[in-house]
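Participant: Would you mind keeping the following structure in view while I ask a few things?
Residue numbers (full-length UniProt numbering), protein chains in the order written: chain A, 1 to 245; chain B, 1 to 245.
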């Protein structure tokens with residue numbers, strides 16, 4: 001069997017998220033599998049690097065699938081991009097060794113989150129950012145980002161209920177960049193818990209506007225208490241930028 | 001009468017353009033006037049700095065209107081942004097002298113045009129750019145831009161039929177910038193003819209991919225022949241950035 005790796009860009013606005021839900025036509029995985037089934041006359045199941053939530057976007061989600069098809073990867077890419085809706089694009093397609101697994105082999109992921117920080121909302125970037133009007137102290141946010149870096153139990157920054165699985169994760173980079181009214185938060189790490197990026201951003205915004213102290217980050221990590229963390233910012237500002245192997 | 005100046009950002013995707021057409025609810029001007037009528041109980045007519053085509057966007061369209069209303073401009077801005085659809089945003093609102101006229105007093109305008117230059121299309125920027133897959137020689141495009149600068153008869157770069165009005169315009173700046181696969185063309189000038197920016201960009205792309213020579217720009221300006229110029233690129237890549245007074 002050939003093993004094919006896809007790098008996928010998508011605008012999550014119209015979808016229920018990455019993961020196929022029964023026969024629903026409203027997931028990214030479902031859309032791609034439907035086209036792959038047409039293309040190969042097989043029943044293809046693709047393995048994503050991980051789920052993304054309803055409304056979340058990706059510049060570089062990664063997935064793989066096995067096939068007996070003899071089609072070249074160049075032809076597959078053309079077929080897919082012709083047949084997929086224009087809010088899903090196969091950016092890259094390569095053949096990989098049979099043992100490659102998009103989820104198990106993922107070494108790190110980069111997510112970014114866009115915040116439109118102005119009293120006045122944005123018309124042009126409204127679908128790709130979260131409007132947050134409060135004045136923000138970016139120095140404080142930068143300080144708070146430092147406390148996130150390293151290996152921690154991030155359960156306090158997650159929507160998970162108690163779980164037997166480990167909730168320890170490592171964040172290797174957490175930073176912000178600004179361009180006009182847009183603030184982009186970027187996080188790199190080995191993996192992220194459910195809603196972790198969105199709750200971290202909500203907490204950092206509350207640090208920035210003075211609702212919380214910078215030290216709140218350490219408290220939430222130590223006390224593992226979701227109640228102490230900030231709000232879960234909406235999915236439309238979140239992007240899965242890149243998955244590294 | 002008070003005279004109020006609006007600076008407006010909009011996503012043109014769903015609209016037939018700036019200018020109100022009868023009772024149609026599908027124009028930016030129409031949408032804003034409807035809300036202003038509710039707000040003031042008057043019949044307001046707003047004057048835009050100029051039209052924008054169906055599908056064209058704006059970061060900073062400018063318009064003005066006269067009113068007897070005693071409302072503060074801050075309250076007007078809140079009312080408008082609450083009532084307008086979220087693809088139209090009033091970014092700024094100020095009271096100006098009664099003689100101010102958004103069209104007659106406009107000294108210069110800046111437009112930009114986004115081209116997604118890659119074999120593979122873009123999912124996330126698809127509504128705000130034009131996908132052009134051919135390889136482009138950016139040096140040649142830069143050279144061609146130089147020929148546009150200055151006072152010229154731009155009728156060859158316009159969709160106008162013969163007209164008695166002057167088709168002489170002055171472009172003070174024409175340049176490109178790239179970020180990843182996105183090329184942004186930016187033009188500043190005293191005013192632009194109908195479709196002029198879109199035909200200039202289409203011509204520059206054809207210079208860039210080798211279909212036309214750099215010298216074609218001079219020929220089109222001299223011969224005033226629309227047939228010699230490039231294709232009219234689609235409206236979705238075009239932005240009215242700024243109007244200066």
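Glycine residues also receive a C-beta, built at the ideal position from the N, C-alpha and C atoms.
Please classify residue 198 (chain A) as buried or exposed, where buried requires at least 16 neighbouring CB atoms within 10 angstroms.
Facilitator: Position 198 of the first chain holds residue 198 (chain A). With 16 or more Cβ atoms within 10 Å of its Cβ, residue 198 (chain A) is classed as buried.
Participant: Please state whether the Cβ-Cβ distance between residue 167 (chain B) and residue 148 (chain B) is less than 8 Å.
Facilitator: Here the question's residue 167 (chain B) lines up with position 167 in the second chain. Here the question's residue 148 (chain B) lines up with position 148 in the second chain. No, the Cβ-Cβ distance between residue 167 (chain B) and residue 148 (chain B) is not below 8 Å.
Participant: Which residue wins for smallest C-alpha separation from residue 71 (chain A), given the options A:94, A:51, A:55, A:59?
Facilitator: Within the first chain, residue 71 (chain A) is the residue found at index 71, counting from 1. Out of A:94, A:51, A:55, A:59, A:94 has the C-alpha closest to the C-alpha of residue 71 (chain A).
Participant: Should residue 88 (chain A) be counted as a contact of the ligand ZN given a C-beta to heavy atom distance under 7 Å?
Facilitator: The ligand ZN is absent from the structure shown, which contains no ligand whatsoever.
Participant: When DSSP builds the beta bridges, which residues end up paired with residue 7 (chain A)?
Facilitator: Looking up residue 7 (chain A) in the first chain gives position 7. Paired residues: A:62, A:92.
Participant: May I have the straight-line CA-CA distance separating residue 154 (chain A) from residue 53 (chain B), to the nearest angstrom?
Facilitator: Translated into the one-based positions of the first chain, residue 154 (chain A) becomes position 154. Translated into the one-based positions of the second chain, residue 53 (chain B) becomes position 53. In a straight line, the C-alpha of residue 154 (chain A) is about 50 Å away from that of residue 53 (chain B).
Participant: Any chance you could list the alpha helix (DSSP H) runs of at least 4 consecutive residues sitting entirely within the UniProt domain "Pseudouridine synthase I TruA alpha/beta" (144-245) of chain A, in chain order?
Facilitator: Listed in chain order, the complete alpha helix (DSSP H) runs (minimum 4 residues) inside the UniProt domain "Pseudouridine synthase I TruA alpha/beta" (144-245) of chain A are 196-208, 216-223.
Participant: Which two residues bound the contiguous beta strand (DSSP E) that contains residue 114 (chain A)?
Facilitator: On the first chain, position 114 is the one that residue 114 (chain A) refers to. Run containing residue 114 (chain A): 108-116, per the beta strand (DSSP E) assignment.
Participant: Along chain A, which residues have their Cβ under 7 Å away from the Cβ of residue 57 (chain B)?
Facilitator: For the purposes of this step, residue 57 (chain B) is taken as residue 57 along the second chain, with counting starting at 1. Under the 7 Å cutoff, chain A gives 124.
Participant: Any idea if residue 231 (chain A) is buried or exposed, counting beta-carbon neighbours within 10 angstroms, 16 or more meaning buried?
Facilitator: Numbered from 1 along the first chain, position 231 holds the residue referred to as residue 231 (chain A). Residue 231 (chain A) should be labelled exposed.
Participant: When you compare each of A:30, A:83, A:73, A:90 to residue 59 (chain A) by their alpha carbons, which one comes out closest?
Facilitator: Stepping through the first chain from its first residue, residue 59 (chain A) is reached at position 59. Checking every option, the nearest Cα to that of residue 59 (chain A) belongs to A:90.
Participant: Are the beta-carbon atoms belonging to residue 127 (chain B) and residue 159 (chain B) less than 8 Å from one another?
Facilitator: Counting from one through the second chain, the residue named residue 127 (chain B) turns up at place 127. Counting from one through the second chain, the residue named residue 159 (chain B) turns up at place 159. No, they are not a contact pair.
Participant: Considering Cα atoms alone, identify which of B:5, B:234, B:245, B:51 is closest to residue 203 (chain B).
Facilitator: Translated into positions along the second chain, residue 203 (chain B) becomes position 203. Nearest C-alpha to residue 203 (chain B): B:234.
Participant: Check whether the segment 203-218 of chain A and the segment 20-34 of chain B are in contact - that is, three or more C-beta pairs closer than 8 Å.
Facilitator: In short, these stretches do not touch, since the Cβ pair count stays below three.
Participant: Based on Cα-Cα distance, which residue from B:3, B:239, B:2 lies nearest to residue 123 (chain A)?
Facilitator: Along the first chain, one-based indexing puts residue 123 (chain A) at 123. When each option's Cα is compared against that of residue 123 (chain A), the closest is B:239.
Participant: With 8 Å as the threshold, decide whether the Cβ of residue 94 (chain B) is near any Cβ in chain A.
Facilitator: As a working mapping, residue 94 (chain B) is identified with position 94 in the second chain. No, residue 94 (chain B) does not count as interfacial toward chain A.
Participant: Along chain A, in chain order, which residues have C-beta atoms closer than 8 Å to that of residue 86 (chain B)?
Facilitator: The residue given as residue 86 (chain B) occupies position 86 in the second chain. Near residue 86 (chain B) (Cβ distances below 8 Å), the residues of chain A are 121, 123, 126.
Participant: Residue 37 (chain B) and residue 44 (chain B) look like a contact to me (Cβ under 8 Å); what is the Cβ gap, rounded to whole Å?
Facilitator: By 1-based counting over the second chain, the position of residue 37 (chain B) is 37. By 1-based counting over the second chain, the position of residue 44 (chain B) is 44. At roughly 6 Å, the Cβ-Cβ gap stays under 8 Å, so residue 37 (chain B) and residue 44 (chain B) are in contact.
Participant: Using 8 Å for Cβ pairs, my map puts residue 8 (chain B) next to residue 88 (chain B). What's the rounded Cβ distance?
Facilitator: The residue given as residue 8 (chain B) occupies position 8 in the second chain. The residue given as residue 88 (chain B) occupies position 88 in the second chain. Yes, they are in contact, since the Cβ atoms of residue 8 (chain B) and residue 88 (chain B) sit about 7 Å apart, within 8 Å.
Participant: Starting from the C-beta of residue 61 (chain A), find all residues in its chain whose C-beta is less than 6 Å away, skip the five residues before and the five after it, and write them out in chain order.
Facilitator: One-based indexing of the first chain puts residue 61 (chain A) at position 61. Contacts found: 8, 240.
Participant: What does DSSP give as the partner residue(s) for residue 47 (chain A) in the beta ladder?
Facilitator: For the purposes of this step, residue 47 (chain A) is identified with residue 47 of the first chain, where counting begins at 1. Answer is A:64, bridged to residue 47 (chain A).
Participant: Determine the contact status of residue 106 (chain A) and residue 63 (chain A), defining contact as a CB-CB distance below 8 Å.
Facilitator: Position 106 of the first chain, counted from the start, is the residue given in the question as residue 106 (chain A). Position 63 of the first chain, counted from the start, is the residue given in the question as residue 63 (chain A). Contact: no.
Participant: Put residue 126 (chain B) into one of helix, strand or coil per three-state DSSP.
Facilitator: Within the second chain, the letter at position 126 stands for residue 126 (chain B). Here residue 126 (chain B) sits in helix by DSSP.
Participant: Considering only C-alpha positions, which residue in the set A:34, A:115, A:184, A:156 is nearest to residue 222 (chain A)?
Facilitator: Here the question's residue 222 (chain A) lines up with position 222 in the first chain. Ranking A:34, A:115, A:184, A:156 by Cα distance to residue 222 (chain A) puts A:156 first.
Participant: Below 8 Å between beta carbons: does that hold for residue 108 (chain A) and residue 190 (chain A)?
Facilitator: Reading the first chain from its first residue, position 108 is the one you call residue 108 (chain A). Reading the first chain from its first residue, position 190 is the one you call residue 190 (chain A). Yes. Within cutoff.
Participant: Return the CA-CA distance between residue 14 (chain A) and residue 55 (chain A), expressed in angstroms with no decimal places.
Facilitator: The sequence position of residue 14 (chain A) within the first chain is 14, counting from 1. The sequence position of residue 55 (chain A) within the first chain is 55, counting from 1. Each residue's Cα considered, the two are about 7 Å apart.
Participant: Measure the alpha-carbon distance for residue 42 (chain A) versus residue 2 (chain A) and round it to whole angstroms.
Facilitator: Taking the first chain and counting its residues from 1, the one referred to as residue 42 (chain A) is at position 42. Taking the first chain and counting its residues from 1, the one referred to as residue 2 (chain A) is at position 2. If you take the alpha carbons of residue 42 (chain A) and residue 2 (chain A), they lie about 13 Å apart.
Participant: Alpha carbon to alpha carbon, what distance is there between residue 112 (chain A) and residue 139 (chain A)?
Facilitator: Reading the first chain from its first residue, position 139 is the one you call residue 139 (chain A). Reading the first chain from its first residue, position 112 is the one you call residue 112 (chain A). Approximately 19 Å between the Cα atoms of the pair.
Participant: Quick one: using the 10 Å Cβ neighbour count with 16 as the cut-off for buried, is residue 49 (chain A) buried or exposed?
Facilitator: For the purposes of this step, residue 49 (chain A) is identified with residue 49 of the first chain, where counting begins at 1. Residue 49 (chain A) is buried by the Cβ-count criterion.
Participant: With 8 Å set as the bound, which would you pick, yes or no: does the beta-carbon of residue 91 (chain B) sit closer than that to a beta-carbon of chain A?
Facilitator: Along the second chain, one-based indexing puts residue 91 (chain B) at 91. Judged by the 8 Å Cβ criterion, residue 91 (chain B) is in contact with chain A.
Participant: Comparing C-alpha positions only, which one of A:220, A:135, A:57 sits nearest to residue 17 (chain A)?
Facilitator: The sequence position of residue 17 (chain A) within the first chain is 17, counting from 1. If we check each option's Cα against that of residue 17 (chain A), A:57 comes out closest.
Participant: What are the residues that DSSP puts in a beta bridge with residue 2 (chain A)?
Facilitator: Numbered from 1 along the first chain, position 2 holds the residue referred to as residue 2 (chain A). Answer by DSSP bridge pairing, in chain order: A:67.
Participant: Give the range of the alpha helix (DSSP H) segment to which residue 31 (chain A) is assigned.
Facilitator: Against the first chain, residue 31 (chain A) aligns to sequence position 31. That run of the alpha helix (DSSP H) goes 28-40.
Participant: Confirm, please, whether the CB-CB distance from residue 182 (chain B) to residue 236 (chain B) is below 8 Å.
Facilitator: For this step, residue 236 (chain B) is matched to residue 236 along the second chain. For this step, residue 182 (chain B) is matched to residue 182 along the second chain. Result no, Cβ atoms of residue 236 (chain B) and residue 182 (chain B) do not sit closer than 8 Å.
Participant: When you check each C-beta in the segment 3-15 of chain A against every C-beta of chain B, which residues fall closer than 7 Å?
Facilitator: Those residues of the segment 3-15 of chain A that come within reach of chain B (Cβ to Cβ, closer than 7 Å) are 9, 10, 11.
Participant: Among B:32, B:146, B:224, B:174, which one has its Cα closest to the Cα of residue 247 (chain B)?
Facilitator: A question about residue 247 (chain B) goes unanswered here, because the residues of chain B that appear run from 1 up to 245.
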